[in-house]
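**Student:**
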Amino acid sequence: MLAEEPRPPAVIVDVAADVASRRAAGSPPPAVDFQAEATAERNRANNLAVALQSNRRIGMAMGILMGRLGVTEEDAFERLRIASQNQHIKLRDVAEVVIYTGDLPATGM
77 MLAEEPRPPA VIVDVAADVA SRRAAGSPPP AVDFQAEATA ERNRANNLAV
127 ALQSNRRIGM AMGILMGRLG VTEEDAFERL RIASQNQHIK LRDVAEVVIY
177 TGDLPATGM
């Protein structure tokens with residue numbers, strides 16, 4: 077399987093298409109705040125990185141619960157979800173507790 081060519085962010089593709097169509101029509105290109113667009117793309121990339129790391133940590137916690145409790149993948153995730161809701165804390169934070177202690181926070185389960 078060959079790796080895909082990296083694609084420019086969608087906002088750049090949209091702006092480039094808009095500029096090309098305006099040039100064809102003889103209109104001046106739009107004013108674009110590239111600094112704001114770059115900041116938005118950096119924020120999006122950072123959010124995706126955090127989400128990926130959280131997903132991995134949740135998977136680790138699920139594996140710990142599956143091994144310790146002998147439950148299925150679905151049941152392990154359900155236990156994490158319920159603990160998150162009952163404790164009013166983020167799922168990724170519940171996962172961290174499981175990773176470091178091997179147990180769910182007290183949930184009344």
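Numbering (our numbering), first residue to last: 77 to 185.
Yeah, the Cβ is synthetic: ideal placement off N, Cα and C, and Gly gets one too.
1. Tell me whether the beta-carbon of L156 lies closer than 9 Å to the beta-carbon of M142.
2. Any idea what DSSP makes of A109, helix, strand or coil?
3. Quick one, which of A96, P181, L167, D179 has its alpha-carbon nearest S130's?
4. Tell me which residue opens and which closes the alpha helix (DSSP H) that T177 is part of.
**Tutor:** Walking through what the data contain:
1. no
2. Looking at the sequence itself, residue 109 is Asp, so the reference to Ala does not match. Reduced to three states, the DSSP call for D109 is coil.
3. L167
4. 167-177
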